[in-house]
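For the first sequence, UniProt numbering begins at 1 and goes up steadily by one. The next block holds one structure in the form of structure tokens; read it before the comments.
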Amino acid sequence: MLKIHIQHRWDLNEKEATSLQKELANQVITQDQLPNIQYIAGVDVAYSEHTDQLIAAVVVLDAFTLEVIESVTVKDAVQFPYLPGLFSFRELPPVIKALQQIEHEPQLIVCDSQGLAHPRRFGLACHLGVLLNIPAIGCGKTRLVGEHTEPDRLRGSSSALIDEEQQIGSVLRTQTDVKPVFVSVGHRISLETANEWILRLTPRYRLPETTRMADQLVRKALKELENEVDVYNILEIDQ
DNA sequence: GCGACAG
DNA sequence: ATCTTGTCGC
């Protein structure tokens, strides 16, 4: 069973959440502290309009074959609004519930969002990494903060993502002539190593296999929820 | 004041 | 995030 390293309340207001981020940001480790990586987890979350719930999926992949070893999906109530910069307070509760049901503990977690590339240097990937004390990478599809130049068109090219005179991440081309992704440190990993892992996880597609697999699960669960609601409505009408 | 703003 | 339409590549 996966251990929670740091516990804190989740029923916070905007101001409390922001100050908690500033406090926890000091715990982020930006150097490599990686054990032998056998399993990698991918996490993704989606919102169901039909049931007003969040759906979180966690997928565990074999680090070398990239085959799916295990997966868990969790439905949960929304308890925090979407506010740019406070994303993790909305999405992490169901993600942590899902991770606690995983039998194969991952040595690396790849998140579909930012890590250090965040206004207070504490994006979702940092938050999850620090709470679990597990190495984590943020790999977002779009930018939250920072400026950058366009990376060269070839797979593996990257350019620096800069905010307030410091490099907070990299803009990495995972496929030649395909829109790049935004990689940043989550916890216990260097940016260089994070980039290497993202490249290893993208042998074929723009997004890491971890993210793709988790996204597939989330979409499947979303569709099933819609069908359940439809069946329920039909039964109601029949009565 | 205005625009920008992970999912 | 989600939705929609159009276009391109396999």
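C-beta atoms are modelled at their ideal positions from N, C-alpha and C, and glycine is treated no differently.
If you draw a straight line from the Cα of residue 45 to the Cα of residue 105, it comes to about 19 Å.
Within the segment 52-79, no alpha helix (DSSP H) run of at least 4 residues lies entirely inside it. The Cβ atoms of residue 55 and residue 218 sit closer than 8 Å to each other. Where residue 127 is concerned, the enclosing alpha helix (DSSP H) starts and stops at 124-132. 88 is the residue among 88, 145, 160 whose C-alpha sits nearest the C-alpha of residue 9. Residue state for residue 147 is assigned as strand, using DSSP reduced to three classes. Our two residues, residue 174 and residue 184, have alpha carbons roughly 14 Å apart in a direct line. Following the DSSP letters along the chain, one finds residue 46 in no alpha helix (DSSP H) but inside the beta strand (DSSP E) bounded by residues 39-48. One alpha carbon belongs to residue 50, the other to residue 79, and they sit about 16 Å apart.
The beta carbons of residue 135 and residue 107 sit about 7 Å from each other, so the pair counts as a contact at 8 Å. Where residue 21 is concerned, the enclosing alpha helix (DSSP H) starts and stops at 14-24.
Contact between the segment 29-43 and the segment 3-17 is absent: fewer than three C-beta pairs spanning the two stretches fall below 8 Å. From the listed residues 209, 169, 47, 146, the smallest Cα separation to residue 81 is found for 47. The DSSP-derived three-state label of residue 112 is coil. Of all alpha-carbon atoms in 157, 143, 210, 103, the one lying nearest the alpha-carbon of residue 176 is that of 157.
For residue 161, the three-state secondary structure derived from DSSP is strand. For residue 168, the enclosing beta strand (DSSP E) starts and ends at 166-172. For residue 27, same chain residues with a beta-carbon under 7 Å away, outside a window of 5 residues either side, are 130 in chain order.
Taking the C-beta atoms as reference points, residue 210 is found nearer than 8 Å to residue 110.
Here residue 83 is exposed: its Cβ has fewer than 16 other Cβ atoms, across all protein chains shown, within 10 Å. Secondary-structure assignment with DSSP links residue 104 through no beta bridge to anything.
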